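Visitor:
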């Protein structure tokens, strides 16, 4: 990994989330300054802020993009107890000329009575749906029945998790063999031994989400959770950020072996557990093929994890701050500078053989 | 394969204080975002406190930077494009190669492929070298020179692997290949050779004997003898000595590639020659000339004498090959590992520890193919080399099934990594498609995941991506791409484009929606846009009822325009009676009937007119409850007008039909 560019985020306060759109051509940032910014990548690779607007009356925790099949749609959630859905308007106004885009609020989801801590769009095969979770321990699933009318969202399900929720993750599998599934993490830190990760599955018969599993071994506060892309596997992989990084596999047991009507039971294994961050882990997420997991923690590092052929997971990369100020006002094109530094290490090596290490973990 | 304990690669991100700030990140296709961030709940049980203390204050971390990180640096070097592009062709050719070839022809083919790969590396290296020379920018010069040395190391390793694993040269021939290998890659001394040879009087040049030594060490006997003859003419006192040494060099037995002599014959000759050299050395023939004496010792394979010429060999593997040439010319492949190890130890003499390149070459000499690949993937900054080499070796049937994660084999594992890297590039991704195609286990899923992330910036690009998906029957990706494009077009009010994309996506609901927009536009403006498209809908019209109606309704307008009135009338009526038209549109259709009713000749028959009347009554009856209709004066007038027109037409039709029947 190398830093290709650095962009001044220009938020007036701490950033809480950055989010790429599906194609990696746009990104959104949100901050305690209550605003969301949208950035577009130009043909030459530079990033420009094309919209910045006040979204909430509190810190904005998360911002996320809907699949482009539904247009240009963002959802945000905030400490102000709401989540909101935003749509970009294509106008013929002067905005376009100035390279600015215009976003309008399509709906405000006000059902939560406490801070909304996470918002995630469901996999696109389920239609335009989104889930929120909140500090009061409720996961809410909303649906826009008419994808052309984003101002109408109906609350489809309310799942009470009993514990303050911090994060949610949809299972991305579009296989017919897998029912819609959502994992919920809790950062409840009162001394108890309750499972902090719960998995809910949609039951076709009752048309309700019901708890399928709880990861009993995770009893410390959970800050983030992420299902891996499925790759056509029969089982699921779930990463959990708690006091360490954990990777679980969830293998559905055959239906006839499961007792309660229609609910899948899982064989759960922990396949990796790392405490390299030395303390709390805040984020986990998978690359698009689900072969590399990244995590960030209190040690100020982002660590990259990759599995080898024996299902052995190992750290293959670390991203770490160098502490030096980002120099210059224009931060585009750091590329050359970083190449230059690679050179010096190179010339030290005899025979001029090899440059930077490339981590392939076989 | 045992695990290599490699430290994880460290990437420094500017501006973020280590250990203090928390890094937030997000994966994108091919890139990753990293920035300093705060997480709700982090570091404090009450998130509120953390947020409040930084919300207004200036002591907050201020304005953080967002860093865009990339994984495969080399993929983005435009200078390596040629390497990626041309090797892609060789790769595809190899996959399609005739499986039925066997034995010698198969081997010849594989050696040919290997040589092609190497010539691509060489060509790339030469280009890069030229660029390094021609640039005036020192940073660029460094960058190019770096690439030259990486490419040259890759070619060196590849060539050795080719000799040992692909060519599988037997004893005797093995050494000849290794000699070629050394001659090709030890170019540090070339300048010296050129300088001496081009001087007016080579034998008087201070480096003269160095060059003779170089030739001897590389086994280039002809060249060495040529130089010796110059010394003999220039220096009559040593003429006799030169003659003897020349004779020894001439007599040195060599196993030619096309030679049919057996190894035993060769060994016998070798022994005789060796004894002869030994004799001259012992009787002090060369005692007066230390240069010639040392050459004679080298011919005898004296390790110390060879090692004294360390500077002229520059590398341990040159030393190895020279040593083998004069001590074990019929070395067998399996014996290589012992000689290689001892050569390395002797050459480095415990002063330097081996570099990555050394360990890779050593692993090759030890025939540890997996080790070679593994070490290469750690040392090299791209996947190109390991992916292509592994694929070639796999085609040589050298990689026994070595299961990796999810049961994929090593070849596939590396190809997947390489192709994934290609997909992070805005145009090289197209090469990646073919690599995924030749990964039987996960290639398809990887392609699906990667290709749907290709930014559909233009219609052209979308069509390109779409074609790739269609060729592979990737239905879901085809649908999704069309849907994204349809949505984009609709948002930009390009109805025609939106409609054709949703037809391609076979998205009935969306086609209905867009058809409605077309009809609405027609009602407002009285004309259709995108006539070409609607006129040529063909069978795709059946995708949705509304689209069928749109197509048929436009057909009605066309017939009317062509003055084919009775056909137009029939169609118009059918649209209502067969309930193809949505009820909301009936009034417009009935109004469209007016001009037909006003024609000189009778167009609607009596029966058809009854149908029209019934349609109107159905419509008004349906709307009776709706007070709006009655309140709306214009609407009422319209209905009245229609009724009148129908009645008049009915009268004319009856008269006409009656007259016709009567006649």
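Chains as they are written, first to last, in the working numbering: chain A, 930 to 1291; chain B, 2 to 664.
Every residue gets a Cβ at the ideal spot worked out from N, C-alpha and C, and that includes glycine.
For clarity, every value in this text was computed on a predicted model and none was experimentally measured.
#1: Distance, Cα to Cα, residue 1216 (chain A) vs residue 510 (chain B)?
#2: Short of 6 Å in beta carbon distance, which residues of its chain neighbour residue 1247 (chain A), apart from the five on each side in sequence? Order them along the chain.
#3: Quick one: what does DSSP say residue 944 (chain A) is sitting in, helix, strand or coil?
#4: Quick check on DSSP: helix, strand or coil for residue 1005 (chain A)?
#5: Within 8 Å, do at least three Cβ pairs link the stretch 1195-1204 of chain A to the stretch 1172-1183 of chain A?
#6: Taking only beta-carbon atoms, is residue 1069 (chain A) less than 7 Å away from chain B?
#7: Between the beta-carbon of residue 1 (chain B) and the beta-carbon of residue 572 (chain B), is there less than 7 Å?
#8: For the alpha helix (DSSP H) that residue 562 (chain B) lies in, which residues bound it at each end?
#9: Mind listing the chain A neighbours of residue 492 (chain B)? Cutoff is C-beta to C-beta under 7 Å, in chain order.
#10: Could you spell out where the beta strand (DSSP E) holding residue 1142 (chain A) opens and where it closes?
#11: Using a Cβ-Cβ distance cut-off of 7 Å, determine whether residue 72 (chain B) contacts chain E.
#12: Under three-state DSSP, which class holds residue 1103 (chain A)?
#13: Looking only at its own chain, which residues have a Cβ that is under 7 Å from the Cβ of residue 515 (chain B), when we skip the five neighbours before and after it?
#14: Rounded to whole angstroms, how far is the Cβ of residue 1049 (chain A) from the Cβ of residue 993 (chain A), which I believe are closer than 8 Å?
#15: Indicate the three-state DSSP secondary structure (helix, strand or coil) for residue 1058 (chain A) in the structure shown.
#16: Could you pull the DSSP bridge partners for residue 1110 (chain A) from this structure?
#17: Which chain B residues sit within Cβ distance under 9 Å of residue 1214 (chain A)?
#18: Which same chain residues end up closer than 6 Å to residue 451 (chain B) when comparing Cβ atoms and leaving out the 5 residues on each side of it in sequence?
#19: Pick out whichever of A:1009, A:1017, A:1011 has its Cα sitting closest to the Cα of residue 1003 (chain A).
#20: Exposed or buried, residue 962 (chain A), counting other C-beta atoms within 10 Å across all chains shown (16 or more means buried)?
#21: Quick one: what does DSSP say residue 221 (chain B) is sitting in, helix, strand or coil?
#22: Rounded to whole angstroms, what is the Cα-Cα separation between residue 342 (chain B) and residue 117 (chain B)?
#23: Are any of the Cβ atoms in chain A nearer than 7 Å to that of residue 426 (chain B)?
#24: Count the CB pairs spanning the stretch 354-362 of chain B and the stretch 128-135 of chain B that are closer than 8 Å, and state whether there are at least three.
#25: Roughly how many angstroms separate the alpha carbons of residue 265 (chain B) and residue 273 (chain B), rounded to a whole number?
#26: Using a Cβ cut-off of 9 Å, pull out every chain B residue sitting near residue 997 (chain A), in sequence order please.
#27: What number of angstroms, rounded off, separates the C-alpha of residue 1167 (chain A) from the C-alpha of residue 219 (chain B)?
#28: Using 10 angstroms around the beta-carbon of residue 596 (chain B), count the other beta-carbons present and answer buried if the total reaches 16, otherwise exposed.
#29: Give the single residue among A:1126, A:1095, A:952, A:1069 whose Cα lies nearest to the Cα of residue 481 (chain B).
#30: So if DSSP puts residue 135 (chain B) in a beta bridge, which residue, or which two residues, is it bridged to?
#31: How far does the alpha helix (DSSP H) with residue 963 (chain A) in it extend, from its first residue to its last?
#32: Roughly how many whole angstroms lie between the Cα atoms of residue 1072 (chain A) and residue 1085 (chain A)?
#33: Quick one: does residue 1231 (chain A) have its CB under 7 Å from some CB of chain B?
#34: DSSP beta-bridge partners for residue 1014 (chain A)?
#35: Could you tell me which of B:546, B:169, B:559 sits nearest to residue 537 (chain B), measuring between CA atoms?
#36: Looking at chain B, is there any beta carbon in it that lies within less than 7 Å of the beta carbon of residue 930 (chain A)?
Guide: Quick look at the numbers:
#1: Each residue's alpha carbon lies about 33 Å from the other.
#2: 1230, 1232
#3: strand
#4: Shown here, residue 1005 (chain A) sits in a strand according to DSSP, grouped into three states.
#5: yes
#6: no
#7: A query on residue 1 (chain B) cannot be resolved here, the shown segment of chain B reaching from 2 to 664 and no further.
#8: 546-562
#9: 1000, 1019
#10: 1137-1143
#11: No chain E is part of this structure, whose protein chains are labelled A and B.
#12: In the structure shown, residue 1103 (chain A) sits in coil (DSSP, three-state: anything other than H, G, I, E or B).
#13: 491, 496, 499, 500, 503
#14: 6 Å
#15: strand
#16: A:1130
#17: 26, 27, 28, listed in chain order.
#18: These residues qualify, in order along the chain: 424.
#19: Scanning A:1009, A:1017, A:1011 for the CA closest to the CA of residue 1003 (chain A) turns up A:1017.
#20: buried
#21: coil
#22: 30 Å
#23: no
#24: no
#25: Rounded to the nearest whole angstrom, the C-alpha separation of residue 265 (chain B) and residue 273 (chain B) is 13 Å.
#26: 457, 481, 484, 485, 488, 489
#27: As the crow flies, the alpha-carbon of residue 1167 (chain A) is around 59 Å from that of residue 219 (chain B).
#28: exposed
#29: A:952
#30: In DSSP, residue 135 (chain B) forms no bridge with anything.
#31: It is not in any alpha helix (DSSP H) - residue 963 (chain A) carries neither H nor E in the DSSP assignment.
#32: Going from the Cα of residue 1072 (chain A) to the Cα of residue 1085 (chain A) covers about 7 Å.
#33: yes
#34: A:1004, A:1036
#35: Closest by alpha carbon: B:559.
#36: yes
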